[in-house]
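For the protein sequence lines, the chains are A and B, in the order given. So the number in the working numbering is just where the residue sits in the first sequence, counting from 1, plus 10. So the number in the working numbering is just where the residue sits in the second sequence, counting from 1, plus 102. First the structure, in the form of structure tokens, and then the observations on it.
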Amino acid sequence: MAEDVKKIMFTVRKPPHGSIYVYEGLEVKLIMAAYDADISVVFIDDGVFAVKKGQDTKALGIKGFAATYGVLVDYEITKVYVDRQSMESRGMSEEDLLVIGEDEDTEEPITPQVVDSDEIAAMMAEQHNILAF
Amino acid sequence: MKLAVCIYEGPYNHEASDSAYHFIQAAVQKGHEIKGIFFYHDGVYNVTKLMEPPQDDRHIANRWAELGATGIDIVVCIAAAKRRGIVDEVLVPNVRISGLGQLTMMAIEADRLVVFGD
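See below:
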């Protein structure tokens, strides 16, 4: 990737339901993926619930969007991270994370990568711009 | 510095629109360049001419239109606007509806993208 390609990070800190931020934030990611930018996505705080598998919004009477995260790798958004501390403090583990695509060669499912807060801080420091949802 | 501003919240209900407006005015006075202003989420409601606030209060939509008249590019997200019934016919002048690609270009071209909202 060329050196002048800008690094843009999305942070997702809000729960996926109860407001539209996370859903419309996902729409931004999918559009931005078509541009020449180095995209990463980090799920922090209640944002980790957005990538919890098995979400069912039927009883809420709203359209669920969790399944759309399954296309992230197809959109070449592969730098997808979950904050370990946020995840564990909410009783979630890596097994609870939904699939964001599959490996081109092995066809193995890919899930977001669990990382520590200090790693996220280091990544944030490298970004050109950060968009929060 | 080249700045871009993204506003997530609707007018009057939340301070985001006011804060963004004052931030932009201060930035311009300091000599910074505003690459663009992007309205997303309920932020799209900030630029409808249908609003009619009490006369002794600020008129948020007109204020944005006046800022647009100075040459700053003000963009309303089409996807967010369609969802909320905001169309070309209800927009104040000097504001345009376009896609998220515009936000992308602002994020790439600006040194800082400043987001106002929850």
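Each residue gets a CB set at the ideal place from its N, CA and C atoms; glycine is no exception.
Ranked by Cα distance from residue 151 of chain B, the options B:189, B:126, B:174, B:107 are led by B:189.
Among the residues facing chain A, residue 209 of chain B is included, as its CB has a counterpart in that chain under 7 Å away. Rounded to the nearest whole angstrom, the C-alpha separation of residue 116 of chain B and residue 29 of chain A is 15 Å. Taken through DSSP and simplified to helix, strand or coil, residue 139 of chain A comes out as strand. Excluding sequence positions up to five before and after residue 204 of chain B, its CB lies within less than 6 Å of the CB of 177, all in the same chain and listed in chain order. According to the DSSP assignment, residue 140 of chain B belongs to the beta strand (DSSP E) that extends over 135-141. At a beta-carbon threshold of 8 Å, the residues of chain B lying near residue 37 of chain A are 181, 202, ordered along the chain. Those residues of the segment 138-160 of chain B placed with their C-beta closer than 9 Å to a C-beta in chain A are 142, 143, 144, ordered along the chain. Short of 7 Å from the beta carbon of residue 142 of chain A, and not among the five residues preceding or following it, lie these beta carbons of its own chain, in chain order: 21, 23. In the DSSP secondary-structure assignment, residue 120 of chain A is bridged to A:111. In the structure shown, the three-state DSSP call for residue 146 of chain B is helix.
Annotation: residue 70 of chain A is outside any alpha helix (DSSP H) and is labelled neither H nor E by DSSP. Straight through space, the alpha carbons of residue 157 of chain B and residue 95 of chain A are spaced by roughly 50 Å.
Restricting attention to A:100, A:17, A:35, A:19, the CA atom closest to the CA of residue 182 of chain B is found in A:35. Shown here is that no member of the segment 59-89 of chain A has a Cβ falling below 7 Å from a Cβ of chain B. Less than 7 Å divides the Cβ of residue 90 of chain A from the Cβ of residue 51 of chain A. Contacts with chain B (Cβ-Cβ distance below 9 Å) from the segment 129-143 of chain A involve 138, 139, 140, 141, 142, 143, listed in chain order. Residue 15 of chain A places its beta carbon 7 Å or farther from that of residue 53 of chain A. When Cβ-Cβ separations below 7 Å define contact, residue 169 of chain B makes no contact with chain A.
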